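Presented below is the structure to which this report refers.
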Amino acid sequence: WGAGLPQAPLSGIWRPYLFSLKEAHENLSEIHAMLGITARPKEKMTMEQITEGVRRVLLFKYVQLLQVTDLYWSQEQAECIARALADDCGLGGNDERGGLEECVTQGLPTSVPWKAPAWLQLSQRVSIAALRPIFLHLWGWTSRYIETPCGMMHVYDSMPEAKGATALPPLLVQHGMFVTGWSMALLARLLTRSGRRVILPDYFDFDNSLSISDPSLTGGRPARRVADRLQCLVTVVQDILGSGAAEVDLVGHSFGGYMVARLASQCDRLGLPVRKVVLLGPGGPVIDLSHNPSVSRFLNDPMGEIEANKPRWLPAAPLKAVARSALGVLLSPNNCNTLLGLEYSEYLGSRDFGSKHPTLLLWGDKDEVAKPRKAEPLGRCLKACFPHIDAYWVKGGGHNIQIDSVLTVARAMEAWLDHGGCDAESTTSLADVLLLPTRTELRGMELPANNAEDQSTSTEVLRSRL
């Protein structure tokens, strides 16, 4: 806690301080999960627990303020925000105290990064390197570099020699967090069968990335800011258009989905012709940051949670060894800087998330990584940010639908990009037969009806909340 802001929070007002884009009950759910409370539902939290949750949200959103001044929220000011939130959730009159012992201690910031065993790091590098001959020699792709403001950015290009306008616009395929272009390769390969040119950029300074930023151009720091990545992707689009393409399509997965939504808007401002946008389980304002109290408890105290929840007959040592190895990959030093370094205003609270282009959204209905918001607020957010969207759930799909549901995703994308619908004709090639286990069904999302006047108003409201 700090000494308090010079101007106390206004009574009954919580939105500017917490997750502004989300509704009151969504904020209460975020707080409940962030605290790791498993002993009671969110509606039964004490005022002291809600206040502690407010403190953690403030720390997440405004950590820079705490670093430079002691003019930071006091406990009394945070409780004022907590009471406003509780009242908006219909929990007015809740004066119950205590319960802090049910909240997980914030151990994540002190325990990261985890160190992956040397053999695991080596196996990662060898496995990814083994894919390269497949891309280059079996599939005939080209590995090349594009000069960007942050250095030379690596891309895999299925047809770099293609010149002039073609029947199918080139497709930029952007990977998500913690991986590189290889994670999108299978989907990209299926999309090239109809003659479409596909380009897969590697983000700068990811683990095992072939794109390494140039310190002389970045001021000696890695290119981790969203603005840096956006500027570099714009350069890739310019390179594609410079080869003679009349327009380009964009697709992104997870964090890459968030980035291509931003990229589409940026291209509009710069006059770069983008035709269509595809989002695969995107991140950003459409997801819940904290949605599972048990996951929060594990991330903050993994070894303690293993001891507390393992079967009595099972020794803890092997479970802890597996957990350390997995956390070493997930929470490596570079991954921690990349993920935890994102500011609220440039990711979850971005003002520039959205696109007026025709947009296709495919989202695994079992995704527990980029967990979508509840249906009603998710629908409002999608329609406000993407007024021309077609949205579908992928039945049984997890977070990586570009792998576990790749056949269905590829067919839906091809049909939508080419004809505007997701009803694709079945094919019987060898690849389709081999990938038959990745075939599933699509189910349309329930989104608010289009109403031009209401849509304009809701968009303005959403932007003001952001």
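Counting in the working numbering, the sequence shown runs from 1088 upward without gaps.
Beta carbons are placed, not taken as given, at the ideal position from N, Cα and C, and that holds for glycine.
Note that the structure is a prediction, hence the values are computed from the model and not measured.
- Look at residue 1110 here: in three-state DSSP terms it is coil, with no helix or strand label.
- When only Cα atoms are considered, residue 1128 and residue 1238 end up about 49 angstroms apart.
- The segment 1372–1391 and the segment 1453–1468 touch, with three or more beta-carbon pairs separated by less than 8 angstroms.
- Shown here for residue 1319: same chain residues with a beta carbon closer than 6 angstroms to its own, the five before and five after excluded, namely 1235, 1237 and 1240 in chain order.
- Scanning its chain for C-beta atoms nearer than 6 angstroms, with the 5 sequence neighbours on each side dropped, one finds around residue 1334 the residues 1256, 1360 and 1362, in chain order.
- Looking only at 1474, 1105 and 1123, the smallest Cα-Cα distance to residue 1445 is reached by 1474.
- The DSSP assignment places complete beta strand (DSSP E) segments of no fewer than 3 residues inside the segment 1271–1358 at 1285–1288 and 1335–1340, in order along the chain.
- When DSSP reads this structure, residue 1431 sits in no beta bridge, so it has no partner.
- Residue state for residue 1403 is assigned as helix, using DSSP reduced to three classes.
- Boundaries of the beta strand (DSSP E) around residue 1230: 1229–1235.
- Residue 1124 and residue 1189 have their C-alpha atoms roughly 6 angstroms apart.
- Shown here, residue 1241 sits in a strand according to DSSP, grouped into three states.
- With the rule of 3 Cβ pairs closer than 8 angstroms, the segment 1396–1410 does not count as touching the segment 1472–1490.
- In the DSSP secondary-structure assignment, residue 1212 is not bridged to any residue.
- For residue 1503, the enclosing alpha helix (DSSP H) covers residues 1493–1506.
- When the beta-carbon positions are compared, residue 1384 and residue 1392 come within less than 7 angstroms of each other.
- Contact between the segment 1215–1235 and the segment 1261–1277 is present: three or more C-beta pairs spanning the two stretches fall below 8 angstroms.
- Look at the beta carbons and you see the segment 1106–1119 touching the segment 1139–1154: at least three pairs across the two are nearer than 8 angstroms.
- Going by DSSP, residue 1137 is part of the alpha helix (DSSP H) stretching over 1134–1148.
- Less than 7 angstroms separates the beta-carbon of residue 1285 from that of residue 1258.
- Per DSSP, reduced to three states, the secondary structure at residue 1374 is strand.
- Beta-bridge annotation (DSSP): residue 1530 is paired with 1480.
- Uninterrupted alpha helix (DSSP H) stretches at least 4 residues long and entirely within the segment 1184–1212 occur at 1195–1198, given in chain order.
- At least 7 angstroms separates the beta-carbon of residue 1328 from that of residue 1364.
- For residue 1504, the closest of 1421, 1429 and 1366 by C-alpha to C-alpha distance is 1366.
- Under the three-state reduction of DSSP, residue 1360 is assigned to coil, being neither helix nor strand.
- For residue 1451, the enclosing beta strand (DSSP E) covers residues 1446–1451.
- With contacts defined as CB atoms closer than 7 angstroms, residue 1105 and residue 1150 fail to qualify as a contacting pair.
- For residue 1263, same chain residues with a beta-carbon under 6 angstroms away, outside a window of 5 residues either side, are 1340, 1341, 1342 and 1343 in chain order.
- With contacts defined as CB atoms closer than 7 angstroms, residue 1387 and residue 1191 qualify as a contacting pair.
- Taking all protein chains shown into account, residue 1395 has fewer than 16 neighbouring C-beta atoms within 10 Å of its C-beta and is therefore exposed.
- Listed in chain order, the non-local C-beta contacts of residue 1321 below 8 angstroms within the same chain comprise 1350, 1353, 1354, 1357 and 1359, local neighbours out to five positions each way being set aside.
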